[in-house]
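Q:
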Amino acid sequence: MIGLANPLIAKGMTAQLAKRRARIAAGEKPLGWKVGMGAPASMQKLGLQAPLVGFLMQRALLASGSTLSLAGYIKPVAEPEICVRMGSGLGPDASSDAVMATIKEISPAIEIADLDLAPEPDNLDQVLAGDIYQRHVILGGNTRPGGSVAGLTSRLIRRGAEAARTTDPEALTGKLIDIVATVANTLATFGERLSDGDVIITGSITPPLMIERDENAITHALDPIGEVSVRFSWA
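Using numbering that gives the first Met the number 0, the first residue of the sequence shown is number 0, and each one after it goes up by one.
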């Protein structure tokens with residue numbers, strides 16, 4: 000199985016974080032982190048022991064209800080996710096209780112990606128250097144304290160109708176506390192740290208949705224917390 004010692008992952012993370020540091024040095028504001036390729040089938044195909052980690056910048060953040068132009072995208076993808084906001088920093092090798100204690104709140108999210116390179120075991124360095132296809136993230140104002148997903152129902156609304164529903168939003172992504180720990184451990188390996196106030200989008204609750212030209216919006220409802228939505232333009 001491929002771990003952080005894999006030279007392709009080390010090469011890709013080094014390149015990715017160098018780009019992040021350069022963007023911050025140029026004046027951009029960081030937002031947090033993301034995980035990718037964390038579904039069991041993807042991990043098996045790519046030989047991964049844990050999801051890959053990428054970064055988010057404030058420039059990528061869209062308010063719920065925004066309209067996003069997909070002009071120039073090669074293969075636009077939408078992912079309904081849970082956003083974790085950290086209430087304090089977290090280093091590597093933390094216990095489950097310690098991880099849970101650092102989570103301030105959770106909320107619904109949508110990530111927009113552009114799958115411009117099919118992921119394979121031999122191109123993980125390129126996938127990571129490209130920040131795992133990240134383009135935008137949509138967040139809303141409604142949150143729930145803590146990191147428990149108990150009692151949550153995730154619903155995806157597409158073309159005006161409910162397209163997916165689950166009462167187990169961790170089924171495809173894995174446990175939120177494990178994802179937060181993975182991000183903290185990965186960052187520590189490459190000289191970074193999960194910080195107070197960082198957000199983490201924790202992976203797609205459904206298989207990633209290929210956005211088609213006949214649809215103009217999607218909504219992710221995380222009941223009873225609230226929902227976020229994004230509209231699409233092809234202009």
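By construction, the Cβ of each residue, glycine as well, lies at the ideal position given by its N, Cα and C atoms. These numbers come from a predicted model, not from an experiment.
Quick one: Cα of residue 0 to Cα of residue 166, how far?
A: Reliability fails at residue 0, whose pLDDT of 35 lies under 50, so the model's placement of it is uncertain and no value is given.
Q: May I have the straight-line CA-CA distance separating residue 55 from residue 116, to the nearest angstrom?
A: Their Cα atoms are separated by approximately 19 Å.
Q: List in chain order: all unbroken alpha helix (DSSP H) runs of 4+ residues lying wholly within the region 26-107.
A: Complete alpha helix (DSSP H) runs here, min 4: 39-45 and 95-101.
Q: Give me the DSSP bridge partner(s) of residue 208.
A: Paired residues: 77.
Q: Determine the closest residue to residue 143 out of 122, 104, 60 and 154, with distance taken between C-alpha atoms.
A: The shortest C-alpha separation from residue 143 is found at 104.
Q: Under a Cβ-count criterion, where at least 16 other Cβ atoms within 10 Å of its own Cβ denotes burial, should residue 65 be classed as buried or exposed?
A: Under this definition residue 65 is an exposed residue.
Q: What three-state label does DSSP hand residue 220 in the structure shown?
A: Residue state, collapsed to three classes: strand.
Q: Could you tell me the distance, in whole angstroms, from the CA atom of residue 237 to the CA atom of residue 44?
A: The question about residue 237 has no answer here: the residues shown for the chain are numbered 0 through 234.
Q: Counting only the same chain and skipping the five closest in sequence on each side, list residues whose C-beta sits under 6 Å from that of residue 222.
A: Result list for residue 222: 152, in chain order.
Q: Who are the Cβ neighbours of residue 230 in its own chain at under 8 Å, not counting the five residues just before and after it?
A: Within the same chain, residue 230 has close Cβ partners 64, 65, 66, 67, 215 and 216.
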